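Numbering (the working numbering), first residue to last: 12 to 153. Backbone N, C-alpha and C define an ideal beta-carbon position, used for all residues, glycine too. Remember, it's a predicted structure, so these values are computed and weren't measured experimentally.
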């Protein structure tokens, strides 16, 4: 039993039911969250979660469910996680295909077919380049 008093089996059933209630847009939002949870890439999960925050708005039911997913899913056994992914793929085969593609190839960015790659060797800024945003002070002549 977890701290909330629910078994992982009950948690799994809740999440499957909620997935069935998600709109198409919510499923698209959930896709990278689930993919990041399935991959062993914490940077990807952190980036995904950062994009979902809405600090100036009340938390939606969908966001609450995603929060619970993020609390529950990592505590499950690999077998339970696999069962969840398989059941979701049965419910929505297109979602399952997209999920498999993201897990295998990495997420696509900005509508391109190129997968997201977290490059560690980023070129340092050159000192001879002029920055685009230079503060300028304008003084009126009298």
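Below 7 Å CB to CB, which residues in the same chain sit around residue i once its five sequence neighbours on both sides are set aside?
i: residue 46; result: 110, 113, 114 and 118
i: residue 71; result: none
Could you check which residue in the options has the C-alpha nearest to that of residue i?
i: residue 81; options: 41, 24 and 35; result: 41
i: residue 93; options: 16, 36, 71 and 50; result: 50
Who are the Cβ neighbours of residue i in its own chain at under 6 Å, not counting the five residues just before and after it?
i: residue 21; result: none
i: residue 48; result: 84
Assuming residue i and residue j form a contact by the criterion Cβ under 8 Å, report the distance between their Cβ atoms to the nearest whole angstrom.
i: residue 26; j: residue 95; result: 7 Å
i: residue 38; j: residue 103; result: 7 Å
i: residue 91; j: residue 36; result: The pair is not a contact, with the Cβ atoms about 27 Å apart (cut-off 8 Å).
Whose C-beta lies closer than 8 Å to the C-beta of residue i among residues of the same chain, with five residues either side of it excluded?
i: residue 88; result: 19
i: residue 14; result: Bear in mind that a pLDDT of 49 at residue 14, under 50, signals an unreliable position, so the model cannot answer this.
i: residue 34; result: none
Is there at least one non-hydrogen atom of the ligand ZN closer than 8 Å to the beta-carbon of residue i?
i: residue 81; result: What this structure holds is no ligand at all, so the ligand ZN is not there to describe.
Touch check for the segment 25-35 and the segment 89-101: three-plus C-beta pairs under 8 Å?
-> yes
Kindly provide the ranges of any alpha helix (DSSP H) runs that are 4 or more residues long and lie completely inside the segment 65-116, ordered along the chain.
-> 72-83, 89-102 and 104-116
Could you name each continuous alpha helix (DSSP H) segment of 4 residues or more that falls completely within the segment 25-51, going from the start of the chain to the end?
-> The qualifying runs are 35-49.
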